[in-house]
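Residues -22 to -1, 1 to 746 in mature numbering (1 follows the signal peptide of the UniProt record, and there is no 0) are what the sequence shown spells out, letter by letter.
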Amino acid sequence: MMGVRKILLLVVVVLALQEAGARRSDRHRPARPCRPPRHDSYPFCNASLPAPARAAALLSLLSLPEKILQLSNNASAVPRLGLPAYQWWSESLHGVASNGPGVSFRGPVPAATAFPQVLLAAASFNRSLWRSLAAAVAAEARAMYNVGQAGLTFWAPNINVFRDPRWGRGQETPGEDPAVAAAYAAEYVKGFQGEGGRMLSACCKHFSAYDLEKWENFSRYTFNAQVTEQDMADTFQPPFRSCIEEGQATCLMCSYNQINGVPACARRDLLQKARDEWGFKGYITSDCDAVAIIHEDQKYAPSDGDAIADVLKAGMDINCGTYLLRHTASAVKEGKVLEEDIDRALLNLFSVQLRLGLFDGPLSEQEFGHYGPGDVCTPEHRELALEAARQGIVLLKNDEGFLPLRKSKVASLAIIGPAANDTSILGGDYTGVPCNPKSFFEGLKPYAPSTSFAAGCLDVPCQTEDGFEEAISVAREAEFVIVVAGLNLTEETEDLDRVSLLLPGKQMDLVNAIAAESKKPLILVLMGGGPLDVSIAIEDPRIATILWIGYPGEVGGQVLAEAIFGEFNPGGRLPVTWYPESFTSVPMNDMNMRADPSRGYPGRTYRFYTGPVVFGFGYGLSYSTYSYKFLSTPEKISLSGSSEAVINRHPAYTRTDGLDYIQVDKISSCEALKFYSRVSVLNNGDMDGSHVVLLYSRSVSSMKGSPKKQLIGFERVHTTAHAAAEVEIVVDPCRHLSTANEQGEMILPLGAHVLMLEKLEHVLTIER
Ligand SMILES: *[C@@H]1O[C@H](CO)[C@@H](O)[C@H](O)[C@H]1NC(C)=O
Ligand SMILES: *[C@@H]1O[C@H](CO)[C@@H](O)[C@H](O)[C@H]1NC(C)=O
Ligand SMILES: *[C@@H]1O[C@H](CO)[C@@H](O)[C@H](O)[C@H]1NC(C)=O
Ligand SMILES: *[C@@H]1O[C@H](CO)[C@@H](O)[C@H](O)[C@H]1NC(C)=O
Ligand SMILES: *[C@@H]1O[C@H](CO)[C@@H](O)[C@H](O)[C@H]1NC(C)=O
Ligand SMILES: *[C@@H]1O[C@H](CO)[C@@H](O)[C@H](O)[C@H]1NC(C)=O
């Protein structure tokens, strides 16, 4: 029989153990507001009240100093109300990433799937893949939130148009075409945020006209992007519009740069347009320290208080950084900022938190509370990462069907290159801790009785020839040689643009040295985001094959081997133009998309660029060849002939030069003008393949600044060897056949539009 004291002692010990256990497991739970018994009775905790009422109720309980402490990504706790601190900044570009302070890989989730970098996934031109990828990242992100290792608000996708091939962050984007970027943005956000934006929050960044890190005297922190209304309307804005209108993103990030003399975060017109015209319902964050620089670096605002007044009055809600924490109180005292400016911002912030269920009780009662460590690094996500890399990889050259190799016929392989046995290079930027990365060398081993590796260069910058000799002797011994060349974050990343489009350092010398000594022509694999001028390798018969693999993520090693051995048929297409080295004489700070022959300016991207290319946008071979037929596509559409009056006001405008056009916003029903283009794709090869159909159009009108051609639809389709498949592409003339005029209005030229499938053309006439 136990004595009373012993029992008491036992109870105390048990209680203490329970307490310690609770604390231990609390460390792996997100801190929670509205915790009973003391903090669950506030009206903002009452889930049966409408969200705006709850947000207003919370706001009404806060003092001014408490409100100011909410204006940072590191939002402070309000202990008297039981409100925990909240970190708004987590990152999830192509997998949960460690770049933001909201994410930690210390805890029950030590790693997360590193999916391929965005530009490679973009090369798949597969909308459902993009959506699945975002949903998989979201499952891992939500699981990490549920164990206290991430926030609920993530700052992806990056949907700035990849305008200049030197841009260090082009790798993070879906490429140079605004329509592709717009489609990617919508899919990412829908996949990531979940139904009704209740699972997580995605952020459309960086708004707007941001795509320069550092070039000559220009830096992203002070750059004044001079953008025409025309380029703004049909290049820089469409991805953001889609991200918000179609994707319903709940966050928008304003960028560092100025746009025509006004800092992006102070562009009230642009920020309000997102809310008023695109229906944005969410919070606007600054990029990190983007408010401080408005005063300190750009000297746009004469004082700290003015900088804060500029952004809060423009519609920004939260500042990444501590600047508003430090200077808002004095700005209020000076009368530059009103408490109601802060209240406006806080209502937006609380609304997003409310939508995400942050105040809605314990995880066990929450819609997404069941996600946990078992949802991270799953075999399904690994398979999806593989699938994305397979669908994205682009075959750029393949002399006389050199690839695929036959596994049973290869006696030995050598793989050469500084990145070939390095797993840290696979993810590109914004990568977290991968689950189980495999290098290219590792991936190839199972495919030949003997596989050898030599780095050739010490690292990607490859400043010396140290290592060449060893690499040459390794290459000489092998039957087939693969050289992995290209880029790494040492060449292109945040705050680092390239100055050359050639292979870094002595990499091309290494390729040549190996090509001269290897038994058979080489297989050249190019890594990286930015385009590379490899013209020499394209012409060189000693290089049989060129493959672009972007930053393939943790499964890169396996996918390269599968591609080389024909376990799938490559079908990716370049999402960005590959320019020659001579393009580096174009000033990077020149934001004009349109060419200007009078000053020797060649323009940018396939829509406007008039100079020579190494590979064009959309280029990509396969182990099959394909041919097309237009099956059914109208030859005529009429603006007025359809059952209802399509045109509500002025029928059309005729210019003095006889060119007819109509302003898109004068068309009352774009829906009525939509049509299908049905296309047949014949796979002429011996191998099944998934193939991307790119439908372009050009207007025959000579309107100033109209694109040479523009992508009006894309669809990825499965084909079987020697068989035809059909695809249906919806064309919305208002969106797809229009272009911006110099005033930034979208106009639809009447008359002939030529639809193009590679060399095949179909004329469509738009009549009044
Ligand atoms: C929550 O709000 C509803 C609707 O106003 C009200 O009926 C209910 O009493 C509130 N619950 C609590 C606990 O205050
Ligand atoms: C976040 O803010 C709190 C005060 O609310 C401070 O103690 C903490 O150091 C801050 N964390 C970071 C990463 O700045
Ligand atoms: C950069 O600044 C230097 C010194 O002010 C000037 O000579 C040069 O022309 C500038 N370069 C560009 C591209 O503006
Ligand atoms: C390849 O990399 C792995 C992991 O870093 C290392 O253990 C191995 O020695 C390397 N192989 C060669 C041949 O350098
Ligand atoms: C690639 O870049 C990373 C980050 O700068 C660096 O740590 C790594 O060593 C580089 N790898 C190679 C092969 O150069
Ligand atoms: C597009 O991607 C999805 C998701 O990975 C895949 O199931 C589908 O087969 C792909 N479509 C084609 C035509 O490759």
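Even for Gly, the Cβ is constructed at its ideal location relative to N, Cα and C.
- Following the DSSP letters along the chain, one finds I492 inside the alpha helix (DSSP H) bounded by residues Q485 to E495.
- The continuous stretches of beta strand (DSSP E) do not include Q204, and DSSP gives it neither H nor E.
- For I222, there is no enclosing beta strand (DSSP E); the enclosing alpha helix (DSSP H) has its first and last residue at P216 to E223.
- Annotated three-state conformation of D437 is coil, per DSSP.
- E540 is the residue among V310, E540 and Y597 whose C-alpha sits nearest the C-alpha of K385.
- Relative to ligand 2, the beta carbon of A63 is positioned inside 7 angstroms of a heavy atom.
- With contacts defined by Cβ atoms closer than 8 angstroms, F140 and L374 do not form a contacting pair.
- Beta-bridge partners of R676 (DSSP): V732.
- C-alpha of V554 to C-alpha of R13: approximately 51 angstroms in a straight line.
- Distances between the C-beta of N414 and the heavy atoms of ligand 2 are all 7 angstroms or more.
- Among the bridge pairs identified by DSSP, V671 is matched with E693.
- Residues L49, S50, S264 and V269 of the same chain have their beta carbon placed closer than 7 angstroms to that of N297, with the five preceding and five following residues left out of the count.
- DSSP, reduced to helix, strand and coil, places S41 outside both helices and strands of the structure shown, so it counts as coil.
- Assignment of F196 by DSSP, reduced to helix, strand and coil, places it in the strand class.
- Counting other Cβ atoms within 10 Å of its Cβ, R16 stays below 16 and is therefore classed as exposed.
- Beta-bridge annotation (DSSP): C182 is paired with L230.
- Closer than 7 angstroms to some heavy atom of ligand 3: that does not describe the Cβ of E191.
- The straight-line gap separating the alpha-carbon atoms of V56 and S41 is approximately 10 angstroms.
- Counting only unbroken stretches of 4 or more residues, the alpha helix (DSSP H) elements lying wholly within the region 276 to 321 are 282 to 292 and 301 to 311, in sequence order.
- At least one heavy atom of ligand 1 falls within 7 angstroms of the beta-carbon of L27.
- Spanning the alpha carbons of T206 and F337 requires a straight line of approximately 44 angstroms.
- Remark: the C-beta of F431 is in contact range of ligand 4, defined as less than 7 angstroms to any heavy atom.
- Around Y278, the same chain offers P241 and I272 as residues with beta carbons nearer than 6 angstroms, after the five sequence neighbours per side are excluded.
- In the three-state DSSP reduction, M566 falls in the coil class, being neither helix nor strand.
- The Cβ atoms of Y20 and L39 lie closer than 8 angstroms to each other.
- Taking the Cβ of D400 as the reference point, at least one heavy atom of ligand 5 falls within a distance shorter than 7 angstroms.
- Placement of the Cβ of E194 at a distance of less than 7 angstroms from at least one heavy atom of ligand 3 is found.
- With fewer than 16 other beta carbons inside 10 angstroms of its own, P565 counts as exposed.
- For the pair L738 and S451, the Cα-to-Cα distance works out to about 48 angstroms.
- In the DSSP assignment, L726 is bridged to I640.
- Listed in chain order, the alpha helix (DSSP H) runs fully inside the region 329 to 374 are 357 to 370, counting runs of at least 4 residues.
- Looking only at E532, F608, V709 and P575, the smallest Cα-Cα distance to A89 is reached by E532.
- Excluding its 5 nearest sequence neighbours in each direction, F418 has C-beta neighbours in its own chain below 7 angstroms: I393, A398, V462, G534, G535 and L538, listed in chain order.
- An exposed status is given to H696, since fewer than 16 other beta-carbon atoms sit within 10 Å of its beta-carbon.
- Around Q250, the same chain offers G293 as residues with beta carbons nearer than 7 angstroms, after the five sequence neighbours per side are excluded.
- The Cβ-Cβ distance between L510 and T562 does not fall below 8 angstroms.
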